[in-house]
Amino acid sequence: MMRVWAISNQKGGVGKTTTTVALGSLMAESGKRTLLVDMDPHASLSGYIGVESGAHGSVYDLFGIGGNPLPVRTLVHATQWDRLSVLPASAAMITLDRQIGTRPGMGLVLTHALAELAPDFDHVLLDCPPTLGVLMVNALAASDRLLVPTQTEALALAGLERMLRSLSMIERSRGKPMLRTIVPTLYDARTHASRACLAQLREQYGDAVSEAVIPTDTQIREASAAGVPLASWPAARRGGLAYRRLLDELLALPVSSMTGAAA
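Start counting the sequence shown at 16; every next residue gets the next number (the numbering used here).
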């Protein structure tokens, strides 16, 4: 069964795109056919992975604005890394909420598109925008698990709370709670602020917080700047090991039996 994970937080700078690419590249390295979907109009993931934003179609073209939607398989691009593909974003996606208005069924566009790709991929990771709108609604409706990267600093906790409030709204339309994992990121054990924030996360959210913690590692930024996934960047040893532990932990968790209910 194809697994679909959404990576989202309503605060920027917490490591959403880095987490998406790191986990995706590790999955592909392990032999799994993996698709990364860039749901953010800023197209950070598309740029990271080396696919020109919107040059040959994007998530935007699934919605059929001004015409018929394009077949999803025509929008998926192979990357230079084996078994790792990407469905890119484009700046036009920022107009979707205005153009769609109250058209029915628009919350399930991605769900239907991914159903067509189910024979082709083992894992799909959705890099979400930081705002609640049709793109985030589509991502959460299509997913069987939500990952919420959360920087281990006090200000990031407010973004986490906003994200979880948005999730509650989506859960009501799904008719079922959504599995979620909070992933502590940018953790610096040398600072009291990071240690205190991690302790607060664990106290407040318990088992929803991953055991794996992603450390501050300058080599993670170096890999991103070079456009190379962590699985192909040996210098990022600390960060790479942390993401491997996170992936092993996530793969051992239960899988939701329902995605894509009414949205």
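Even glycine gets a Cβ: it sits at the ideal position worked out from N, Cα and C.
- Separation of Leu132 and Thr49 (C-alpha to C-alpha, rounded to the nearest whole angstrom) is 11 Å.
- Shown here, Ser247 sits in a helix according to DSSP, grouped into three states.
- When only Cα atoms are considered, Met108 and Phe78 end up about 10 Å apart.
- When secondary structure is reduced to three states using DSSP, Ile185 falls in the helix class.
- In terms of Cβ geometry, Val270 and Asp159 form a close pair [threshold 8 Å].
- Sequence-distant partners of Lys47 (beyond 5 residues in either direction) whose C-beta falls short of 7 Å from its own C-beta, in its chain, are Arg98, Asp137 and His138.
- The C-alpha of Ile229 lies about 40 Å from the C-alpha of Thr117.
- In this structure Val198 touches Leu261 by the C-beta definition: roughly 6 Å separates them, less than 8 Å.
- In its chain, beyond the 5 residues on either side, Leu50, Leu51, Val52, Asp53, Ser73, Val74, Val87, Leu90, Val91 and His92 have a beta carbon closer than 8 Å to the beta carbon of Leu102.
- Within the segment 115-201, the complete beta strand (DSSP E) segments of 3 residues or longer fall at 138-142, 160-166 and 195-200, listed in chain order.
- Take Gly28, set aside five residues on each side of it, and the residues of its chain with a beta-carbon closer than 8 Å to its own are Gln166, in chain order.
- Look at Leu85 here: in three-state DSSP terms it is coil, with no helix or strand label.
- Gly62 and Ala251 have their alpha carbons spaced roughly 20 Å apart.
- By the neighbour-count criterion, in which a residue is buried when 16 or more other Cβ atoms sit within 10 angstroms of its Cβ, Asn83 is exposed.
- Looking at the backbone, the Cα of Ser188 and that of Ile22 are separated by about 19 Å.
- Take Glu264, set aside five residues on each side of it, and the residues of its chain with a beta-carbon closer than 7 Å to its own are Ser225, Glu226 and Ala227, in chain order.
- The beta carbon of Arg253 lies closer than 8 Å to those of Pro230, Asp232 and Gln234 in the same chain, with the five residues before and after it left out.
- Between the alpha carbons of Arg210 and Tyr202 lies a distance of about 8 Å.
- Val74 sits in a helix when the DSSP states are folded into three classes.
- Rounded to the nearest whole angstrom, the CA to CA distance from Ser181 to Gly148 is 10 Å.
- By the beta-carbon neighbour count (other beta carbons within 10 angstroms, threshold 16), Met151 is buried.
- Around the CB of Ala173, fewer than 16 other CB atoms lie within 10 Å, so the residue is classed as exposed.
- In this structure, Leu125 keeps its C-beta atom at 8 Å or more from the C-beta atom of Ala104.
- For Leu213, the enclosing alpha helix (DSSP H) covers residues His207 to Tyr220.
- Closest by C-alpha distance to Arg18, out of Gly39, Arg205 and Leu60, is Gly39.
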